[in-house]
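To convert, take the position in the sequence shown, counting from 1, and add 44; that gives this note's numbering. A virtual CB, placed ideally from N, CA and C, is assigned to each residue, including glycine. Only one structure is covered here, and it is reproduced in the block below.
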Amino acid sequence: MTSEEVKINVEKALAEIRPFLESDGGNISLVSIEDDRLVKVQLEGACVGCTVNQMTLKSGVEMTIKKYVPQIEQVVNIER
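This is the structure:
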């Protein structure tokens, strides 16, 4: 999978997840993809202060991204 295909598929995964986050007043955006293995995202809105955002990140976001792009090893949230 090329770097461009990785990015396209990560965006597809985020599009699948986004409605669930939006229903709780949150959102997510792609910050960067490093070495086609590490995805950096930013949780937004209500997700920022949510006590279960790390669980959401690992169980929901990372799992869905890996479904689309199996070579991804880790997804991390970048706080701004």
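query: If you drop the 5 nearest sequence neighbours on each side, which residues of the same chain put their C-beta closer than 8 Å to that of residue 47?
result: Counting from 1 along the sequence shown, the entry for residue 47 is found at position 3. So the list reads 77 and 80, once near-sequence residues are dropped.
query: Opposite residue 47 in the DSSP bridges: which residues?
result: Sequence index remark: in the sequence shown, residue 47 carries index 3 (1-based). Answer by DSSP bridge pairing: none, since residue 47 is not bridged.
task: With a threshold of 16 other CB atoms inside 10 Å of the CB of residue 116, please say whether the residue is buried or exposed.
output: Stepping through the sequence shown from its first residue, residue 116 is reached at position 72. That one is buried.
- request: Kindly list the residues whose CB is nearer than 6 Å to the CB of residue 106, restricted to its own chain and excluding five residues on each side of it in sequence; keep chain order.
  value: The residue you call residue 106 lines up with position 62 of the sequence shown. The answer, listed in chain order, is 119.
- request: Provide the residue span of the alpha helix (DSSP H) that contains residue 92, from first to last.
  value: Looking up residue 92 in the sequence shown gives position 48. Element bounds for residue 92: 90–93.
message: Could you give the first and the last residue of the continuous beta strand (DSSP E) run that contains residue 116?
response: Counting from one through the sequence shown, the residue named residue 116 turns up at place 72. First-last for residue 116: undefined, no H or E at that position.
Length of the line joining the Cα atoms of residue 89 and residue 60: On the sequence shown, residue 89 is found 45 positions in, with the first residue counted as 1. On the sequence shown, residue 60 is found 16 positions in, with the first residue counted as 1. Spanning the two alpha carbons is a distance of roughly 18 Å.
field: Backbone secondary structure at residue 77 - three-state DSSP
entry: If you number the sequence shown from 1, residue 77 lands on position 33. Three-state result, residue 77: strand.
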